[in-house]
Amino acid sequence: MEKITLIEPSLAYEEQVQSYRAEFIENGDSMDGTSFLREYEQVPEWLAFIEKNRHAETVTEGLVVATELLAVRSSDNRLVGMIDIRHTLNDYLLRFGGHIGYSVRRSEWNQGYAKEMLRQALDFCRTLELEKVLITCDKTNPASAKVIQFNGGKLENELLDESDGEIVQRYWINL
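Taking our numbering, the leading residue of the sequence shown gets 1253, the next gets one more, and so forth.
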């Protein structure tokens, strides 16, 4: 795996964010950890949305304060993944979403990027003074379960998400 860095999204990555979004839509992949990027055709509007949700005074009703980060490969500055770090949990996140959501574009799968993204995100969580974080994944996604387990995740339980019929695995990582 090549070195990656987690950075804040900006207009400098507008074309890459659009390409990332398009790749997920083309492949029918779930855009976990992208702060609703699927809903935004225009990157500046998405950037405004995530900036609004970085602050308790302006966070969208029903959401929690969160930090969205881009995983960028150092060698060529390519956007390979995204990760959303939620500073707290609401009832829904406690059951199904967790503190961290992430995705890696299909063209970059199986290169260890998700493991490294999560490792770096856990370091960020320590700066938030979180003592433990919840990370979830669908039971039908064993690759994500391995990423979580590699980073110290301990399975607490599995819950049925009635909204989509998926079994969600809930993992805790002590920081």
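For glycine and all other residues, C-beta sits at the position ideal for the given N, C-alpha and C.
- For E1254, same chain residues with a beta-carbon under 6 angstroms away, outside a window of 5 residues either side, are R1325, S1327 in chain order.
- Spanning the alpha carbons of E1418 and A1308 requires a straight line of approximately 31 angstroms.
- M1369 carries a helical assignment under DSSP once its states are collapsed to helix, strand and coil.
- T1319 has its alpha-carbon roughly 11 angstroms from the corresponding atom of G1353.
- DSSP lists R1338 as the bridge partner or partners of A1318.
- Boundaries of the alpha helix (DSSP H) harbouring E1303: 1295 to 1304, taken from the DSSP string.
- The Cβ-Cβ distance between G1364 and I1387 does not fall below 8 angstroms.
- In this structure, L1427 is the residue among S1271, L1427, E1278 with its C-alpha nearest to the C-alpha of T1379.
- Annotated three-state conformation of T1379 is helix, per DSSP.
- Scanning K1384, Q1401, L1382 for the CA closest to the CA of A1366 turns up Q1401.
- For the 8 angstroms CB-CB criterion, L1346 and I1425 do not form a contact.
- With a 10 Å radius around the Cβ and a threshold of 16 neighbouring Cβ atoms, R1273 comes out buried.
- For the pair I1256 and E1368, the CB atoms are nearer than the 8 angstroms cut-off.
- For Q1270, the enclosing alpha helix (DSSP H) begins and ends at 1266 to 1279.
- Excluding five sequence positions before and after M1283, the CB atoms of its chain that fall closer than 7 angstroms to its own CB belong to F1276, L1289, R1290, S1355, given in chain order.
- Residue pairing of S1355 in beta bridges, as defined by DSSP: M1334.
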